[in-house]
Amino acid sequence: MAIAEVTVIPIGTETTSLSPYVAEMQKVLQQQEGISYELTSMSTIIEGDLAHVWRAIAALHEAPFMSGAKRVSTSVKIDDRRDKASSSRQKLQSVQEKLGGECAMAPN
69 MAIAEVTVIP IGTETTSLSP YVAEMQKVLQ QQEGISYELT SMSTIIEGDL AHVWRAIAAL
129 HEAPFMSGAK RVSTSVKIDD RRDKASSSRQ KLQSVQEKLG GECAMAPN
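Plus 68 on top of the position in the sequence shown (first one is 1) and you've got my numbering.
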């Protein structure tokens with residue numbers, strides 16, 4: 069299974085607020101088949117078969133244009149592990165186990 073971290077930045081928008089674009093992109097992801105996803109404060113994590121992940125990324129990239137953006141910059145990182153099953157949750161759990169159950173996040 070592939071795990072992708074995707075950041076889509078609309079450029080040439082009327083305001084500096086991007087949350088309307090992010091909300092629209094989340095709606096686009098809801099329509100995608102064969103993936104699971106998680107919105108974070110800085111990006112979206114998409115998991116699934118690589119072909120489905122690529123389709124979702126393409127749809128995300130197009131969404132801001134449909135909402136009026138004049139330019140879009142998309143950054144993608146992909147972890148495609150094929151020797152055994154992998155997921156974001158499994159990767160985080162592995163780190164937690166090595167920490168002995170301690171929280172991996174720094175306090176605010």
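All C-beta atoms in this analysis are idealised placements derived from N, C-alpha and C, irrespective of residue type, glycine included.
Where residue i falls, given that 16 or more other Cβ within 10 Å makes a residue buried
i    : result
M110 : exposed
M134 : exposed
G191 : Since the first residue of the chain shown is 69 and the last is 176, residue 191 is not available in this structure.
Residue i - DSSP class collapsed to helix/strand/coil
i    : result
K145 : strand
L118 : helix
E106 : strand
A131 : helix
Q100 : coil
Opposing strand residues paired with residue i [DSSP bridges]
i    : result
E73  : I113 and K145
V140 : P78
Residue of the options minimising C-alpha distance to residue i
i    : options                  : result
I103 : I77, A70 and P88         : A70
S156 : Y89, V144, E106 and T142 : E106
A126 : L160, S87 and V144       : V144
Nearest-angstrom beta carbon gap, residue j and residue i [assumed within contact, 8 Å]
i    : j    : result
L118 : D148 : 6 Å
R123 : Q94  : In fact, because the Cβ distance is near 16 Å, the residues do not count as touching under 8 Å.
Proximity test, residue i beta-carbon vs the ligand FAD heavy atom, cut-off 7 Å
i    : result
M110 : Summarising the ligand content, the structure contains no ligands, and the ligand FAD is consequently not present.
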